[in-house]
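Undergrad: Structure incoming, see below.
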Amino acid sequence: MQSRILLVEDDVSIQEMVQEYLTKEGFAVETAADGEIGLIKFAQSSFDLIILDIMMPKIDGLEVVKLIREKSAVPILMMSARDTDVDKAIGLGLGADDYICKPFSMIELSARVKAGIRRSTKYSAPEKQEEVIRIGDLKIDIINYTAWKKDEVIKLTSKEFELLKLFSKNSNRVFTKAQIFQYIWNEEYYGDENVINVHIRRLREKIEDDPSNPKYLKTLWGIGYKMEVI
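Residue numbers (the working numbering): 21 to 250.
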C-alpha cells in the first residue's frame, strides 16, 4: 500500500517539484497551497506524513502544526529557508518531528520522508517486549506510544517519545550525541547539535519538574546524556 503524504507549500514550483519526485518514489502525494486548505484536507483524509512549509498565506505553518497536534501524532516534516523558523517549530513545543532547510536536495527530502514514516510505522506495530516502564512518577507505555507524569498524559511528538523510550529502556546508560543521532534519526552524526539539543530540551520541559535542574534526563558535559534511575 502506498504511503500517503500531505504537502502544504504555497510556492508552486517547489510544490510541483516535490510532488513529482515523491510520486516517482512511490508515494501518493496530496497538495495544498496554504495552511487553511492544508487543514481542510487533513481533516478530510488520513496521511502517513505531512510536509509543511512555515511561511504561508492565511494560516502559517507554525499554527498549522499546533492545530494538527491537538488531534494527531502524524509525523510532520517542516520546510523553511531560515533555521530560526524551524527551531521555533521544534523548540517551542509545537510538535514538529523533523525539518529540512531550503534549498534542499530531493534525495535528502526523500530520505527524511522515508525515515519519518518508518519510525511511525515501527512504533505503531505490536512489540514483544515489556509493555510499560515506570521510572519515578513517569510511566511509559511502549506499545501504545503513550507516557504519563503523575498520572497525567504527556503530549509527546514521535521523536520525543523515541528519545524517552531509548533512555527509559536503557536507564543509567550514557548515550553520546552520535549514538542518539544514529538511534533516533537513523543517520550518521555530522556535528549538528541543534537538532538533538532542541529535542532534549523539549523532552525535559515535559517530564521534569524543574527542566533547568533535571532529575531524570541528565547531561554529562562533553559526553552525552542518560536517564538516571537511583
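Glycine included, each C-beta is placed from N, C-alpha and C at the ideal position.
(1) State the Cα-Cα distance for the pair V28 and K61, rounded to the nearest angstrom.
(2) Near K148, what residues of its chain come up, given a Cβ to Cβ distance below 6 Å and the 5 sequence neighbours on each side ignored?
(3) Can you say whether R132 is buried or exposed, counting buried as having 16 or more other CB atoms within 10 angstroms of its CB?
(4) Let me know if P146 comes out buried or exposed under the rule of 16 or more other beta-carbons within 10 Å of its beta-carbon.
(5) At 4 residues or longer, what runs of the alpha helix (DSSP H) sit wholly inside the region 113-197?
(6) Label L184 either buried or exposed according to how many other C-beta atoms from any shown protein chain fall within 10 Å of its C-beta, with 16 as the threshold for buried.
(7) Report buried or exposed for Q64, applying the criterion of at least 16 other Cβ atoms within 10 angstroms of its Cβ.
(8) What first and last residue would you give for the beta strand (DSSP E) that runs through K238?
(9) For V194, I'd like the list of residues in its chain whose CB is within less than 8 Å of its CB, leaving aside the five on either flank, ordered along the chain.
(10) So what does G244 bridge to, in DSSP terms?
TA: Here's the rundown:
(1) 10 Å
(2) Legend: pLDDT at K148 = 46, less than 50; position of this residue unreliable, value from coordinates given subsequently. If you ignore the 5 residues before and after K148, its C-beta comes within less than 6 Å of no other C-beta in its own chain.
(3) buried
(4) A caution first: P146 carries a pLDDT of 46, below 50, which makes its placement in the model unreliable, though a value can still be read off. By the 10 Å Cβ count, P146 comes out exposed.
(5) 126-144 and 178-189
(6) Here L184 is buried, its C-beta having at least 16 other C-beta atoms within 10 Å.
(7) exposed
(8) L237 to L240
(9) L240, I243, G244, Y245 and K246
(10) T196 and L240
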